[in-house]
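Chemist:
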Amino acid sequence: MRKQCALRMFKLIIPVCTYVVMMTACHKKPEIPEDKGSKEKIVQNDVAEEITESSIEDETVALDSTGATDFVSGTSGEKESDTLGSVGTESAEAEFAGKESAGTEYTGAGSIETGSTEIKEFTEPAIEVIDTLDGLSAGDVLTEEQLDPQDIDKYFTVSEITEDSDVFAFINGKSYRVQTSIPLGNLRYLKLLHWNYEGMPQVGEIIVNKSIAGDVIDIFKNLYLQKYEIYSMKLVDNFWTGDPNDTDTASMNANNTSSFNDRKVDYSGSTSRHSYGMAIDINPRENPYILYDGSGHAYTTQDEQAVTYMDRSNLRPHMMTNDDLCVRLFKSKGFRWGGDWSSLKDYQHFDRK
């Protein structure tokens, strides 16, 4: 009777022990070797428990270690095998073949597989250095890498203006008219580089009298080498309104540097030095043209942005003074500066007789 009771209790204990052993085996995580580059196998410790009861009808119950469930840890999480039994590392590697070639780190069947991603070297295309400003328009912005620092002269050119040229077609009937004050042969078209307010090389153009063309191109070349900033340098014809004086105002309000424009002087009605290509206005917004009325009150014909620069005691960037590089360079070539005048102030203006 005692034997039968003990046997029944023993048979009840066996499933419980088996379940505990299986769950322990299923949830035991493999140890990760420090060297991920190797294909070392992490083999789970065999879990086995043998229970022998020789005194109870010589019945022996054993739990095979191979009955433990394999544990798989992949990139998408963990999963348990649906069946008990031994799952070899070879079958696990076969099941997940391609993980390594895809460059994905994968841990499975108690082993570490570390893939490698092919790294392709990217080489940026070489920046082409330009040899001429031909084909570029005034206002086009370049990079220093596009320019040849050993031969800057080729970016500063002086050209005649002929009646079959694109330049003449652009200015004819606007800044240059049939009754103009100067023959076309006395004018020269300058194409050059200057630094803009963003500190980038920018294409500029200007028409001046042939007698000062050489000096003017040298001045602007020196300004470029010193990284002197000029906001814009386009022909006034880009701002043509139908009236030469209104066009001059539009050019100034656009902060545009210019020279030739066949027009009259605002306050006197006399022919402007600009009509002969003998005067140049530079950065007019920060260097306004200031007049005085009968009571001595200062005013300007330019817009509100220029008005804020009438106060010359509040020195700000791009405002010209006697010590300014641009002023010094023009004076060294025999030009007058309008900032020195007493009856009016034309801080943007340089001319030569």
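If you count by my numbering, then the sequence shown holds residues 1 to 353, one letter each, in order. Just so you know, even glycine gets a beta-carbon here, dropped at the ideal spot from N, CA and C. Please read these numbers as outputs of a predicted model, since none were measured by experiment.
Distance, Cα to Cα, T162 vs G185?
Modeler: 8 Å
Chemist: Select from D164, G173, V216 the residue whose C-alpha is nearest the C-alpha of V236.
Modeler: Nearest in C-alpha terms to V236, of all of D164, G173, V216, is G173.
Chemist: When the Cα atoms are used, what is the spatial distance from G338 to P125?
Modeler: 48 Å
Chemist: Would you list the one or two residues that DSSP bridges to D351?
Modeler: A279, R336
Chemist: Which same chain residues end up closer than 7 Å to M310 when comparing Cβ atoms and leaving out the 5 residues on each side of it in sequence?
Modeler: P288, I290, A298, T300
Chemist: Which of the three DSSP states, helix, strand or coil, is assigned to E229?
Modeler: Strand at E229.
Chemist: Assuming S175 and F260 make a contact with CB atoms under 8 Å, what is their CB distance in whole Å?
Modeler: With a Cβ gap of about 6 Å, S175 and F260 count as contacting.
Chemist: Among residues of its own chain, excluding the 5 on either side of E90, which ones have a beta-carbon nearer than 8 Å to its beta-carbon?
Modeler: Unreliable placement is indicated for E90, whose pLDDT of 47 sits below 50; the coordinate value is still reported in the next sentence. Excluding positions up to five away in sequence, the list is empty.
Chemist: To which residues of the same chain is T143 closer than 8 Å at the C-beta, ignoring the five residues directly before and after it?
Modeler: I127, M200, P201
Chemist: For V129, which residues of its own chain have a beta-carbon under 8 Å away from its beta-carbon, when the five flanking residues on both sides are left out?
Modeler: Excluding sequence neighbours, V129 sits near E145, Q146, L147, D148.
Chemist: Considering T247, what are the terminal residues of the beta strand (DSSP E) in which it resides?
Modeler: Segment 244-253 is the alpha helix (DSSP H) holding T247; no beta strand (DSSP E) there.
Chemist: For the candidate residues N283, P183, F330, whose alpha-carbon lies nearest to that of G277?
Modeler: Out of N283, P183, F330, the CA that lies nearest to the CA of G277 is found in P183.
Chemist: Expressed to the nearest angstrom, what Euclidean distance is found between the alpha-carbon atoms of V167 and Y189?
Modeler: Here the alpha carbon of V167 sits roughly 8 Å from the alpha carbon of Y189.
Chemist: Hey, out of K210, K154, P317, L192, whose CA is closest to P284's CA?
Modeler: Ranked by Cα distance from P284, the options K210, K154, P317, L192 are led by P317.
Chemist: Quick check: what's the CA-CA separation for L325 versus G296?
Modeler: 30 Å
Chemist: Compare the Cα-Cα distances from L193 to each of Q226, I212, S275, K210 and report the closest residue.
Modeler: Q226
Chemist: What does the alpha-carbon distance come out to for the pair A169 and T308?
Modeler: Take the alpha-carbon of A169 and the one of T308: they are about 37 Å apart.
Chemist: Going by Cα to Cα distance, which pick from I207, F350, G204 is closest to I280?
Modeler: F350
Chemist: How long is the line joining the alpha carbons of M233 and Y267, rounded to whole angstroms?
Modeler: 25 Å
Chemist: Count the other CB atoms within 10 Å of the CB of D346; is the residue buried (16 or more) or exposed (fewer)?
Modeler: buried
Chemist: Go ahead and pull the three-state DSSP assignment for D166.
Modeler: helix
Chemist: Measuring straight from C-alpha to C-alpha, what distance separates E205 and G294?
Modeler: 38 Å
Chemist: Tell me where the beta strand (DSSP E) around V203 begins and ends.
Modeler: 201-209
Chemist: With a threshold of 16 other CB atoms inside 10 Å of the CB of W356, please say whether the residue is buried or exposed.
Modeler: In the structure as shown, the chain begins at 1 and stops at 353. Residue 356 is therefore absent and cannot be evaluated.
Chemist: May I have the straight-line CA-CA distance separating Y228 from N314, to the nearest angstrom?
Modeler: 20 Å
Chemist: Relative to the C-alpha of K191, which residue among D134, W240, K333 is closest?
Modeler: D134
Chemist: Quick one: grab the DSSP three-state call for E304.
Modeler: helix
Chemist: Among K210, W195, D164, G269, which residue has its Cα nearest to the Cα of A138?
Modeler: Cα-wise, what sits closest to A138 is W195.
Chemist: Assuming W195 is part of the beta strand (DSSP E), what are its boundary residues?
Modeler: 187-195
Chemist: Where do the N-terminal and C-terminal ends of the beta strand (DSSP E) with E160 fall, by residue?
Modeler: 157-160
Chemist: Between the alpha carbons of T321 and I219, how many angstroms are there, rounded?
Modeler: Those two C-alpha atoms are separated by around 17 Å.
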